[in-house]
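Just below is one structure, and these are the notes that go with it.
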Amino acid sequence: MVELEVDLKLGTVRVIHITAAHDLGRVINPLLATGQIEGGIAQGLGMALMEEYIPGRTENLHDYLIPSCGDMPEIETIFIEKPDPVGPMGAKGLGEHVLIPTAPAILNAIHDATGVWIDRLPALPHRVLAAIHAADQGH
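When you read off a place in the sequence shown, starting at 1, and then add 89, the result is the number in my numbering.
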């Protein structure tokens with residue numbers, strides 16, 4: 090679940106808070122699991138709002154934007170523990186499961202805030218503004 094702000098004049102999006110609930114089976118190492126969830130959210134945030142590969146231009150980390158600590162929202166982590174009968178000590182895997190819902194949750198929150206759908210990632214300011222202006226024009 091994502092709480093965010095959209096500047097309707099600039100098209101910028103700032104994620105304020107994410108609540109992430111994940112079924113880990115039995116949580117063996119809560120600190121490690123929390124770190125894994127926060128890392129996956131950082132990747133999803135980048136996918137949703139910043140990371141765009143442009144051949145010949147964004148081939149290094151100077152031009153290819155990824156989230157830094159200043160871009161990260163407050164994260165509330167909820168562990169759902171339903172032990173897996175075949176997993177080691179009841180544990181389940183955790184990795185891509187965190188990344189997968191993050192970008193769609195951010196895009197849904199942008200829709201909730203603006204009434205427009207963003208249909209191309211990342212939701213860069215010019216794309217958010219274009220969607221808002223298209224909606225204002227009745228397109």
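We put the CB at the ideal spot given by N, CA and C, even for glycine.
Top-ranked residue by Cα proximity to residue i, from the options
| i | options | result |
| --- | --- | --- |
| Gly184 | Lys171, Gly124, Arg103, Leu99 | Gly124 |
| Ile167 | Val95, Leu138, Gly128, Ala110 | Ala110 |
| Leu113 | Val95, Gly135, Ile126, Ile105 | Ile126 |
| Leu188 | Ala137, Leu150, Gly145, Leu218 | Ala137 |
| Leu97 | Asp160, Val116, Val205, His106 | Val205 |
| Ile143 | Ile221, His222, Leu210, Ala131 | Leu210 |
Opposing strand residues paired with residue i [DSSP bridges]
| i | result |
| --- | --- |
| Gly114 | Ala180 |
| Ala122 | DSSP lists no partner for Ala122. |
| Ala192 | According to DSSP, Ala192 bridges with nothing at all. |
| Ile107 | Val91, Ile164 |
Residue i versus residue j: straight-line alpha-carbon distance, rounded
| i | j | result |
| --- | --- | --- |
| Gly100 | Arg216 | 8 Å |
| Ala202 | Val175 | 42 Å |
Run of the beta strand (DSSP E) containing residue i, from where it starts to where it stops
| i | result |
| --- | --- |
| Ile167 | 163 to 169 |
| Val91 | 91 to 95 |
For residue i, the first and last residue of its enclosing alpha helix (DSSP H)
| i | result |
| --- | --- |
| Val217 | 214 to 225 |
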